[in-house]
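Novice: Please find one structure pasted underneath; my questions will follow.
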């Protein structure tokens, strides 16, 4: 393959932008799963975030209120899933799928008046001397604030899970909810908080799609990004920094093959498009062969204090 | 119900199918590949469905299913629609071809209409529009207006329909601008706004100042608008929200007359399997308004080209044309036959790159 004809600088820059939505959604979902809940509604929450973010962005004339509203709306939506699965003990897989379908339908309804409109978008940050560094400046230090916030969020989640007491409790709820309950921790409350956080992250990811990356509202515009986020969590075997690697890998392969094609290089498009999924399967095979899969032990299991 | 009444009602049902058809509304089903709000391909099919409802009123009931993936799941969706009592089913994407053929063989009493395919049966028609006529006009405008002489093309899947469009646009861009170069990106999707926007950006970064698209969403238009000095064309729908620039013109699919015609045929009982391929002349392909961003003389010559295409005086594939490898395809003055066009799997001379398979 001929990599010489494409600009590495532009490539890295566009990877960072195109990976941000799935990174945000995946890091949120990872926290949810670490607390022992499997929420398959990521796609539905993302698209709800995309439409709410866009609508609020258009009406207020600024992108930031859009992001805030998107996070809030998706968190509220995810709490319907939380209430159903945590309080009424409905099946998590079925409820999550229902959430996706509901989100897709709801967003189409809300989004009707916003089709074809233009939204305010985020300005590229000027990081002063950092942005002026040749090559690296354009590559890494010339993005909008959300790109850096998503990276900071990964670091924060990592530190939270690893170093704080609250993080330890969240992990305990995910590993063995009966033990956590016996120790007096409010498993349901912890999980509801994690679900709301996951919803907010998915909402931010969706809003990044509609406000920055595309930027416009189109019905069904997430086109499977939420499912990719779910795959990334598994690929990362539930570890924050690997979520980052996974998101950049998935985002990177897509952008790389598009750039290679645009530069006139001959690439096996179909194989490249499938490669992140093949890698995920490979990772799953490797980790299960090693015997440690890293999945939280209580993942997807219903919990009730009486049991 | 005892056996006698069962036999009696069966006899009535056999004897009077025509009478029953009068009483119940005809049910027309539509299978869409994208959401109806995509602003492009599926949006236009749904507009035509609404036109059918409007035209027939209570006589016809319509049902649709959107975002049906091409492949195995399509067969389930079509089967379900046939089971739910649809009398005629329109499947509106190339990838629904084999599933439609399969389901049609199981439901001989249901009429099927498959868009852009080439397989027919007694109860399965195909219909398509000669989009390549519209592509010729796009190529003409694109070739006249490009300053970098680089034109980007977001292609979806390597099927004859898409390849025809590329060839037609290229031939007519080249006609007005011999230095023009086409950069083709295969997105392998009909609808994925984020990916389409990424593809448009990649092309723009590589110096293409005209973006043609054969994918369904308006995302490339948004990316072009963001970049500035880039022009685009509406695909399948007018996409006039991006006019006058970047969108300078468009190809609009007008399915309504055809759908009304075919549903009428079902009502009359005159439906027959056929292969329809209509163009600008019949009104199935429309050219959206050419905006002010296009210089006057280019607009005039583009409209002139449109007239010649509509009247049938000129065919976009008129020789001499060579294949990409340099071998002769059409001799001087020779016009391409429909069979070759329907199965087109080669680039014309001058295009670079290979068609993926």
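Protein chains in written order, with full-length UniProt numbering: chain W, 1 to 307; chain V, 1 to 357. Don't be surprised by glycine CBs; every beta carbon is placed ideally from N, CA and C.
Give a yes or no on whether the C-beta atoms belonging to residue 220 of chain W and residue 34 of chain V are separated by under 8 Å.
Specialist: Yes. Within cutoff.
Novice: For residue 183 of chain V, decide whether its Cβ has a neighbour in chain W, counting only Cβ atoms nearer than 8 Å.
Specialist: Yes, residue 183 of chain V counts as interfacial toward chain W.
Novice: When you compare the CB of residue 296 of chain W with every CB in chain V, is at least one pair closer than 8 Å?
Specialist: Not closer than 8 Å to any Cβ of chain V, the Cβ of residue 296 of chain W fails to qualify, so no.
Novice: Specify, as a first and last residue, the run of the alpha helix (DSSP H) that residue 198 of chain V falls within.
Specialist: Residues 193 to 205.
Novice: Grouping DSSP H, G and I as helix and E and B as strand, with all else coil, what is residue 263 of chain W?
Specialist: Correct three-state label for residue 263 of chain W: coil.
Novice: Looking only at its own chain, which residues have a Cβ that is under 8 Å from the Cβ of residue 259 of chain V, when we skip the five neighbours before and after it?
Specialist: Result list for residue 259 of chain V: 28, 48, 49, 51, 52 and 90, in chain order.
Novice: Which first and last residues belong to the beta strand (DSSP E) in which residue 90 of chain V is found?
Specialist: Where residue 90 of chain V is concerned, the enclosing beta strand (DSSP E) stretches over 88 to 91.
Novice: Indicate whether residue 135 of chain V and residue 277 of chain V have their beta-carbon atoms separated by less than 8 Å.
Specialist: Contact flag unset, no.
Novice: Do residue 82 of chain V and residue 107 of chain V have their C-beta atoms closer together than 8 Å?
Specialist: In contact: residue 82 of chain V and residue 107 of chain V (Cβ atoms closer than 8 Å).
Novice: Can you grab the Cα-Cα spacing for the pair residue 143 of chain V / residue 149 of chain V, in whole Å?
Specialist: Approximately 7 Å between the Cα atoms of the pair.
Novice: My parser needs the beta strand (DSSP E) runs of 3 or more residues fully inside the segment 195 to 263 of chain V; what are they?
Specialist: The segment 195 to 263 of chain V contains these whole beta strand (DSSP E) runs: 210 to 213, 231 to 234 and 247 to 253.
Novice: Considering only the beta carbon of each residue, do residue 127 of chain W and residue 146 of chain W sit closer than 8 Å?
Specialist: No, Cβ-Cβ distance for residue 127 of chain W and residue 146 of chain W is not below 8 Å.
Novice: What residues from the segment 207 to 225 of chain V come within 7 Å of chain W, judged by C-beta to C-beta, listed N to C?
Specialist: Answer in chain order: 217, 218, 219 and 222.
Novice: In or out: residue 140 of chain V buried (at least 16 other Cβ within 10 Å) or exposed?
Specialist: Buried, by the Cβ-count rule.
Novice: Taking the alpha carbon of residue 202 of chain W as the reference point, which residue from W:40, W:87, W:144 and W:159 has its own alpha carbon closest?
Specialist: Taking only the C-alpha atoms, the option nearest residue 202 of chain W is W:40.
Novice: Going by alpha carbons, who is nearest to residue 330 of chain V out of V:314, V:313, V:343 and V:348?
Specialist: Closest option to residue 330 of chain V, Cα to Cα, is V:348.
Novice: I want to see whether chain W comes within less than 8 Å of residue 195 of chain V, judged by CB atoms only; does it?
Specialist: With 8 Å as the cut-off, residue 195 of chain V counts as an interface residue toward chain W.
Novice: Give me the chain V residues within the contact set of residue 213 of chain W, using Cβ-Cβ distance strictly less than 7 Å, ordered along the chain.
Specialist: Residues of chain V passing the Cβ test: 194 and 197.
Novice: Let me know the secondary structure DSSP gives residue 324 of chain V once reduced to three states.
Specialist: Residue state, collapsed to three classes: coil.
Novice: I'd like the list of long-range same chain contacts for residue 162 of chain V, defined as Cβ closer than 8 Å, with 5 residues on each side in sequence excluded.
Specialist: 155, 156 and 214.
Novice: Could you tell me whether the Cβ of residue 38 of chain V comes closer than 8 Å to any Cβ of chain W?
Specialist: True, the Cβ-Cβ gap to chain W drops below 8 Å.
Novice: Tell me the rounded alpha-carbon separation between residue 21 of chain V and residue 264 of chain V.
Specialist: Confidence in residue 21 of chain V is poor, its pLDDT being 46 and thus under 50, which makes the residue's placement unreliable; the coordinate value appears in the next sentence. Approximately 13 Å, taken between the alpha carbons.
Novice: To the nearest angstrom, how far is the alpha carbon of residue 104 of chain W from that of residue 332 of chain V?
Specialist: Roughly 54 Å separates the two Cα atoms.
Novice: Mind checking the segment 226 to 248 of chain V against chain W and listing, in chain order, the residues whose C-beta falls within less than 7 Å of any C-beta there?
Specialist: Within the segment 226 to 248 of chain V, the residues whose Cβ lies closer than 7 Å to some Cβ of chain W are 241, listed in chain order.
Novice: Is the Cβ-Cβ distance between residue 315 of chain V and residue 336 of chain V less than 8 Å?
Specialist: Against a cut-off of 8 Å, the Cβ pair of residue 336 of chain V and residue 315 of chain V comes out as a contact.
Novice: Could you tell me whether the Cβ of residue 156 of chain V comes closer than 8 Å to any Cβ of chain W?
Specialist: Output row for residue 156 of chain V: interface = no.
Novice: Less than 8 Å separating the beta-carbons of residue 102 of chain W and residue 44 of chain W?
Specialist: Closer than 8 Å, so yes.
Novice: Using a cut-off of 9 Å between C-beta atoms, extract the partners of residue 92 of chain W located in chain V.
Specialist: Chain V residues near residue 92 of chain W: none, gap ~24 Å exceeds 9 Å.
Novice: In three-state terms, what does DSSP make of residue 128 of chain V?
Specialist: Residue 128 of chain V: strand per DSSP, three-state reduction.
Novice: Are the beta-carbon atoms belonging to residue 69 of chain W and residue 58 of chain W less than 8 Å from one another?
Specialist: No; because the gap between Cβ atoms is not below 8 Å, this pair is not in contact.
Novice: Using the three-state DSSP reduction, which class does residue 78 of chain W fall into: helix, strand or coil?
Specialist: Note: residue 78 of chain W maps to helix in three-state DSSP.
Novice: Assuming the contact rule is C-beta atoms closer than 8 Å, residue 81 of chain W and residue 190 of chain W should be a hit. Round their C-beta distance to whole Å, please.
Specialist: Not quite, the Cβ-Cβ distance comes to about 15 Å (not below 8 Å), so this is no contact.
Novice: For residue 186 of chain V, which residues in chain W fall below 7 Å Cβ to Cβ?
Specialist: Under the 7 Å cutoff, chain W gives 261 and 269.
Novice: Report all residues from its chain with a CB closer than 8 Å to the CB of residue 109 of chain V; omit the five preceding and five following residues, and keep chain order.
Specialist: 123, listed in sequence order.
Novice: Suppose contacts are defined by Cβ-Cβ distances below 8 Å. Is residue 237 of chain V in contact with residue 37 of chain V by that definition?
Specialist: Their beta carbons are not under 8 Å apart, which means residue 237 of chain V does not touch residue 37 of chain V by this criterion.
Novice: Start and end of the beta strand (DSSP E) containing residue 187 of chain V?
Specialist: Note, residue 187 of chain V: premise wrong, no beta strand (DSSP E); not H, not E.
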